[in-house]
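Numbering (my numbering), first residue to last: 8 to 455.
Here's the structure, in structure tokens; my notes come after.
Below, the structure is given as structure tokens:
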């Protein structure tokens, strides 16, 4: 299956050419004979058949059983059918050890394919196995030999006939050389390509890492290159067995499922938290997100869930925030945020909540707990988060937060939010933005 009928046809022609070029006469008993050979299928006398389909065409998967399913250029399938195609393919796969679904694609933005690949690339427990081939692979040297020769000749012509040395390298080239083992010939090719095109085009066509392949620098509010660099150095959450015995009982069932702890609290150290509350109805609905940082800006914990009701979430948050030295917390007031604040403050006696100043109808200023996001305040707190992250004032460890930041965009009307589509959320971004606001106020209404 491919993204377009003409591409499916082209691949099928190549496949049939390979079948035709098999040594049928020499090994007549080995290769099955074709009983039916047309533009849509190849049917063989051993009962097997090969069919082609397109992502936007008729359903060719349901009702059949396949030994092998090949989804080509899946990232280019329409966004709204990618998840459905995977859901249809899995039950249609033959139930034996050698059956397989193979998905190959160039990167094409942030979509279901990107989510599946990056989860498989980072998560050892994924049912998919990720393979990534960067431009530094040996195959590229053979494929682009002529261009490599051109690049070397170009470099020599501009450097008195000498080849590239380490002293010629800029910062990015030194990273490629030292960290990824790039040869000088490859680096000359890179510099030559950038000189004739652009750095952005090179990264898109010849990525070094999967993150670089999927990056859409021009669309994200945040600096995608800095996000990708940070993703290379995040620390994993502390293992469950190492924190289980010291956590409050109410938090124990959620460790490394919803609650991720990167650093334990240190005595007498102030902590700051941001909470974006959701209704907890599950499905593709919004998540309740919590981010916690210490006084130095180091992220120490994160939480996300979308199936826990508000009253229960208030109880959990109370224990988590108290565990982190009664963290000074900014809660978004919008929607279910207000009842969450009321339960946290009145039912659980949590006092260390950020307050905002507002005017009442008589023109008098008063304080209210929580933070109200509006078309005016939201861009401000996102800009504060952008500055804090990109200038290194905070150190984010949560991979989900960083992944959400990659797709956080501003549309042509100035509205900010996540890229549209199922499974795209910005709750962790908002939680971290609120966290930064709590840190900016740097207040504490309790003694620790």
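Glycine residues also receive a C-beta, built at the ideal position from the N, C-alpha and C atoms.
Closest to residue i by CA distance: which of the options is it?
i, options, result
"residue 243", "450, 116, 405, 444", "405"
"residue 110", "97, 103, 101, 104", "97"
"residue 22", "130, 137, 56", "56"
"residue 331", "270, 217, 288, 353", "270"
"residue 158", "194, 288, 13", "194"
"residue 217", "266, 265, 140", "140"
"residue 86", "117, 303, 99, 401", "117"
"residue 142", "196, 135, 94, 153", "196"
"residue 400", "447, 358, 407, 417", "447"
Roughly how many whole angstroms lie between the Cα atoms of residue i and residue j?
i, j, result
"residue 282", "residue 296", "6 angstroms"
"residue 132", "residue 120", "17 angstroms"
"residue 169", "residue 156", "14 angstroms"
"residue 351", "residue 231", "36 angstroms"
"residue 225", "residue 207", "Interpretation of residue 225 is limited by its pLDDT of 45, a score under 50 that renders its predicted location unreliable; the figure taken from the coordinates is listed afterwards. Rounded to whole angstroms, residue 225 to residue 207 spans 9 angstroms at the Cα level."
"residue 414", "residue 337", "24 angstroms"
"residue 160", "residue 172", "15 angstroms"
"residue 456", "residue 50", "An answer regarding residue 456 cannot be provided, because it is not within the stretch 8 to 455 covered by the chain."
"residue 365", "residue 318", "27 angstroms"
"residue 67", "residue 47", "11 angstroms"
"residue 393", "residue 341", "22 angstroms"
"residue 254", "residue 262", "9 angstroms"
"residue 320", "residue 346", "11 angstroms"
"residue 199", "residue 181", "16 angstroms"
"residue 370", "residue 363", "15 angstroms"
"residue 13", "residue 183", "38 angstroms"
"residue 264", "residue 301", "22 angstroms"
"residue 32", "residue 40", "11 angstroms"
Check whether the Cβ atoms of residue i and residue j sit closer than 8 angstroms, and answer yes or no.
i, j, result
"residue 115", "residue 82", "yes"
"residue 344", "residue 377", "yes"
"residue 361", "residue 445", "yes"
"residue 294", "residue 285", "yes"
"residue 309", "residue 435", "yes"
"residue 238", "residue 398", "no"
"residue 441", "residue 383", "no"
Hey, quick one: how far does the beta strand (DSSP E) through residue i stretch, first residue to last?
i, result
"residue 37", "Note, residue 37: premise wrong, no beta strand (DSSP E); not H, not E."
"residue 169", "Careful: residue 169 lies outside any beta strand (DSSP E) and carries neither H nor E."
"residue 258", "Careful: residue 258 lies outside any beta strand (DSSP E) and carries neither H nor E."
Specify, as a first and last residue, the run of the alpha helix (DSSP H) that residue i falls within.
i, result
"residue 128", "119–129"
"residue 212", "206–212"
"residue 148", "145–150"
"residue 461", "Past the boundaries of the shown model lies residue 461; the chain is included only from 8 to 455, so the question cannot be answered."
Give a yes or no on whether 8 angstroms exceeds the smallest Cβ distance from residue i to chain D.
i, result
"residue 166", "Checking the listed chains, one finds no chain D in this structure; it contains a single protein chain."
Task: Uninterrupted beta strand (DSSP E) stretches inside the stretch 374–447 (no shorter than 3 residues) - done: 415–417, 423–425
Open item on the list: Give the list of continuous alpha helix (DSSP H) stretches no shorter than 4 residues that lie fully inside the stretch 298–372.
Closed with: 317–330, 344–349
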